[in-house]
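Numbering-wise, this note's numbering comes out as the position in the sequence shown, counting from 1, plus 136. The C-beta atom is built at its ideal place from N, Cα and C for all residues, glycine as well.
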Amino acid sequence: MTEKACKKCRLIVVGDVCPVCKDSELTKTWEGYILMANPKDSQIAGAIGAGAPGKYALKIKQ
Ligand SMILES: [Zn+2]
C-alpha cells in the first residue's frame, strides 16, 4: 500500500483522495512525517496548517 501526501494540507493519505480536502492532488514524493493528535492545541499544527488529526508529511517535493 502506498502512502501519499496531500499537496494542500500535507495529510498522509492511503488511497487516491484526501479525506480532508476531498482533493486528488497527492504526491508520492514526501519525506518524514509527524503525528498530529490534537491539531487545535498544537503549535506545530498551526505552523504547518494542519486542521485535522492524522499523519502529516514534513517535506513535500513538488
Ligand atoms: Zn488534503
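- Sorting Pro189, Asp152 and Val150 by C-alpha distance to the C-alpha of Asp177 places Pro189 at the top.
- Around the beta carbon of Lys197, fewer than 16 other beta carbons lie within 10 angstroms, which makes this residue exposed.
- Check the Cα spacing between Cys157 and each of Leu194, Glu167 and Gly185: the tightest is with Gly185.
- Shortest gap from the CB of Leu194 to any heavy atom of ligand 1: 7 Å or more.
- When beta bridges are read from the DSSP output, Ala193 appears opposite Tyr169.
- Judged by DSSP in its simplified three-state form, Ala181 adopts helix.
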